[in-house]
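My numbering numbers the first residue of the sequence shown as 24 and each following residue consecutively.
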Amino acid sequence: GRCLPLTKKKMAVTAGLLLLCGGAATGILYSAGYKNAYPTQTFYATVSKIEGNNLTVQGMDENDVNYRGAFWFPAEEVTEITWRNTDISIEDLDVGDQISVSFTGEILATYPAKITQVEAIRLLEDEL
């Protein structure tokens, strides 16, 4: 068999198709894998400050060493706040309360460290 020489036009079309297909495939993979890029993690903390919807917390000693410091985060509308599987609001939380914080997304290296996307806050107290 004899190979046909590729003309400049055919080469340009082939390169364009590769770029188009490669870009589309990358976009699909990125959007499908985005949520899994940051698995949900949970740690335990004590509330140290509440300002509006922003919480500052101190990680407990029981946590992995990475979650023993000070963190702050906004409680967004999508953040689930519960006590004994019952929905509560941020107004039900007090300084000194022990909570669990479940988050996905990154932690910014500020002080206190900022958690960008908190999924759920659970109040661990015996009484509300």
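We treat Cβ as the ideally placed atom computed from N, Cα and C, and that holds for glycine.
Where do the N-terminal and C-terminal ends of the beta strand (DSSP E) with residue i fall, by residue?
i: leucine 78; result: 77-82
i: proline 135; result: Unbroken run through proline 135: none, as it is neither H nor E.
Roughly how many angstroms lie between the CA atoms of residue i and residue j, to the nearest whole one?
i: glycine 153; j: methionine 83; result: The first residue shown for the chain is 24 and the last is 151, placing residue 153 beyond what the model contains.
i: phenylalanine 94; j: threonine 133; result: 9 Å
i: threonine 105; j: valine 88; result: 26 Å
i: asparagine 86; j: tyrosine 67; result: 7 Å
i: leucine 146; j: leucine 116; result: 8 Å
i: threonine 109; j: leucine 131; result: 30 Å
i: asparagine 76; j: alanine 60; result: 26 Å
i: glutamate 100; j: valine 80; result: 19 Å
i: glutamate 103; j: leucine 78; result: 14 Å
Would you mind sorting residue i into buried or exposed? The rule is 16 or more other CB atoms within 10 Å of its CB.
i: threonine 63; result: exposed
Touching by the beta-carbon criterion (3+ pairs, under 8 Å), the region 137-150 and the region 110-128 = yes
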